[in-house]
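Chemist: Can you keep this structure in mind? I'll have questions shortly.
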Amino acid sequence: AKPTLAVVGATGAVGTVMLELLSTRRDVWGEIRLIASHRSAGRRLVVRGQETTVLPLTAEVFDGVDVAMFDVPDEVSAEWAEVAVAAGAVVVDNSGAFRMDPDVPLVVPEVNASVARKRPKGIIANPNCTTLSMIVAIGALHRAYVLESLVVASYQAASGAGQAGIDTLYDQIAKVAGHRELGTRAGDVRRIVDDDLGPFAAPLAMNVVPWVGSAGADGWTSEELKVRNESRKILGLPDLPVSATCVRVPVVTGHSLAVHARFKRPIELPKVYELLRDSSGVLLFDDPSHQEFPTPADVVGTDPTWVGRLRIALDDPQALDLFVCGDNLRKGAALNTAQIAEVVAEDFMAVATA
Ligand code: 2RA
Numbered sequence: 012a013k014p015t016l017a018v019v020g021a022t023g024a025v026g027t028v029m030l031e032l033l034s035t036r037r038d039v040w041g042e043i044r045l046i047a048s049h050r051s052a053g054r055r056l057v058v059r060g061q062e063t064t065v066l067p068l069t070a071e072v073f074d075g076v077d078v079a080m081f082d083v084p085d086e087v088s089a090e091w092a093e094v095a096v097a098a099g100a101v102v103v104d105n106s107g108a109f110r111m112d113p114d115v116p117l118v119v120p121e122v123n124a125s126v127a128r129k130r131p132k133g134i135i136a137n138p139n140c141t142t143l144s145m146i147v148a149i150g151a152l153h154r155a156y157v158l159e160s161l162v163v164a165s166y167q168a169a170s171g172a173g174q175a176g177i178d179t180l181y182d183q184i185a186k187v188a189g190h191r192e193l194g195t196r197a198g199d200v201r202r203i204v205d206d207d208l209g210p211f212a213a214p215l216a217m218n219v220v221p222w223v224g225s226a227g228a229d230g231w232t233s234e235e236l237k238v239r240n241e242s243r244k245i246l247g248l249p250d251l252p253v254s255a256t257c258v259r260v261p262v263v264t265g266h267s268l269a270v271h272a273r274f275k276r277p278i279e280l281p282k283v284y285e286l287l288r289d290s291s292g293v294l295l296f297d298d299p300s301h302q303e304f305p306t307p308a309d310v311v312g313t314d315p316t317w318v319g320r321l322r323i324a325l326d327d328p329q330a331l332d333l334f335v336c337g338d339n340l341r342k343g344a345a346l347n348t349a350q351i352a353e354v355v356a357e358d359f360m361a362v363a364t365a
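Structural data, given as structure tokens:
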């Protein structure tokens, strides 16, 4: 029999994309059980063309579940992932609760699929969307040129902060629309949107905000530390120097990153093009003479990591500058989780048919 899948957090921003993906990807699942908080339970959602009632999160709901995907806040995963494991499920968790646990693999199938099979706690972690928006391309380059250091700046969409982020951006845009005088005096946008910052540290409409996540050590934000720590873990380079500056921009969905990557070997652009063209999960889109380069508006709703603006650094033949863009709700969250779950489903089917 095909494995039973539970989707915990089925009604959230990532959960919604997950149901769309489950309805369109190769169908490896038997029953699909939709689960959410008690507040959202009872809603009827469509998955694989069938209306399904959302069940409340309880211990019993995991009875008979083989794989449970969690798209919920850190504290909910921290409490419930082990409950699902105790009921016999393998958990694929998209929160930050377990990512840096040495006994929990952090998996991007195009980069390190094999580590998904070593999961002593029965939990596999899905990386943060910002790391995921670049790491497939960086992983491909690393395999050929051996990464030595990374400096990145992110341009992160509002939906990274969930439905509240999306709602806040739309509300702020509605408030500033029609004000043709804004952007001429300090604080004018803030005065228009003032009580409506939502999950952001400053107005997002007509602005950029160099603060994503919470305060970490020494002035770094939690998001910047995630980019560093997760890149190191996924690439298996525990000492890789990584500096990230994470910035929120007024885009609904689609994270972008400007990357300066230094390698151990000198780089030749034609070979890099060839390599990226042949890399699974990467779409090379780099013809600036025809204004072809990735932008979130063109990338949203698609699966690959789009790569463009490739340049060898002017002062360093071993460093490459590039711009990458990916849908933070798809590869950045739901798609990568679904891909990991499919790796686990393959194991179930292999055992079942052995
Ligand atoms: C953000 N990376 O964009 C976060 C979401 N996990 O806010």
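Add 11 to a position in the sequence shown, counting from 1, and you land on the number used in full-length UniProt numbering. Glycine included, each C-beta is placed from N, C-alpha and C at the ideal position. Quick caveat, the model's predicted, so the values are computed rather than measured.
What span of residues does the beta strand (DSSP E) with R37 cover, start to end?
Modeler: To locate residue 37, count along the sequence shown from 1; it is residue 26. Unbroken run through R37: none, as it is neither H nor E.
Chemist: Pick from R322, V58 and L268: whose alpha carbon is nearest that of T306?
Modeler: Taking the sequence shown and counting its residues from 1, the one referred to as residue 306 is at position 295. Among R322, V58 and L268, the Cα nearest to that of T306 belongs to L268.
Chemist: Given a cut-off of 7 angstroms, decide if L333 and R320 are closer than it, judged by their beta-carbon atoms.
Modeler: Taking the first residue of the sequence shown as position 1, residue 320 is located at position 309. Taking the first residue of the sequence shown as position 1, residue 333 is located at position 322. In contact: R320 and L333 (Cβ atoms closer than 7 angstroms).
Chemist: Less than 6 angstroms between the CB of G41 and some heavy atom of the ligand 2RA, yes or no?
Modeler: As a working note, residue 41 is residue 30 in the sequence shown. No - the ligand 2RA has no heavy atom lying nearer than 6 angstroms to the Cβ of G41.
Chemist: May I ask which residues mark the beginning and end of the beta strand (DSSP E) holding residue 366?
Modeler: The first residue shown for the chain is 12 and the last is 365, placing residue 366 beyond what the model contains.
Chemist: For A127, is the classification buried or exposed, using 16 other Cβ atoms within 10 angstroms of its Cβ as the cut-off for buried?
Modeler: The residue labelled residue 127 in the question sits at position 116 within the sequence shown. So A127 counts as buried.
Chemist: For L340 and G265, what's the separation of their Cα atoms in angstroms?
Modeler: Walking along the sequence shown from the start, residue 340 turns up at place 329. Walking along the sequence shown from the start, residue 265 turns up at place 254. Roughly 8 angstroms separates the two Cα atoms.
Chemist: Report, in whole angstroms, the separation of the C-beta atoms of Q183 and D207, which I expect to be a contact under 8 angstroms.
Modeler: In the sequence shown, residue 183 corresponds to position 172, counting from 1. In the sequence shown, residue 207 corresponds to position 196, counting from 1. Indeed they touch by this definition, with Cβ atoms about 6 angstroms apart.
Chemist: Let me check you understand the geometry: is the CB of C140 closer than 6 angstroms to at least one non-hydrogen atom of the ligand 2RA?
Modeler: Position 129 of the sequence shown, counted from the start, is the residue given in the question as residue 140. Checking the Cβ of C140 against the ligand 2RA gives yes.
Chemist: May I ask whether a heavy atom of the ligand 2RA can be found less than 6 angstroms away from the beta carbon of G171?
Modeler: If you number the sequence shown from 1, residue 171 lands on position 160. Within the cutoff, so yes.
Chemist: Under a three-way DSSP split, which group does M111 fall into?
Modeler: One-based indexing of the sequence shown puts residue 111 at position 100. Reduced to three states, the DSSP call for M111 is coil.
Chemist: Using a Cβ-Cβ cut-off of 8 angstroms (strictly less than) and excluding sequence neighbours within five positions of S34, which residues of its own chain qualify?
Modeler: Locating residue 34 in the sequence shown gives position 23, counting from the first residue. Contacts found: V57, V58, R59 and G60.
Chemist: Under 6 angstroms Cβ to Cβ from L295, same chain only, skipping five residues before and after it: list those, please.
Modeler: By 1-based counting over the sequence shown, the position of residue 295 is 284. Closer than 6 angstroms at Cβ, skipping near neighbours: L287, R288 and V318.
Chemist: For V18, list the residues DSSP reports as bridge partners.
Modeler: Indexing the sequence shown from 1 puts residue 18 at position 7. In the DSSP output, where bridge partners are listed per residue, V18 has L45 and M80.
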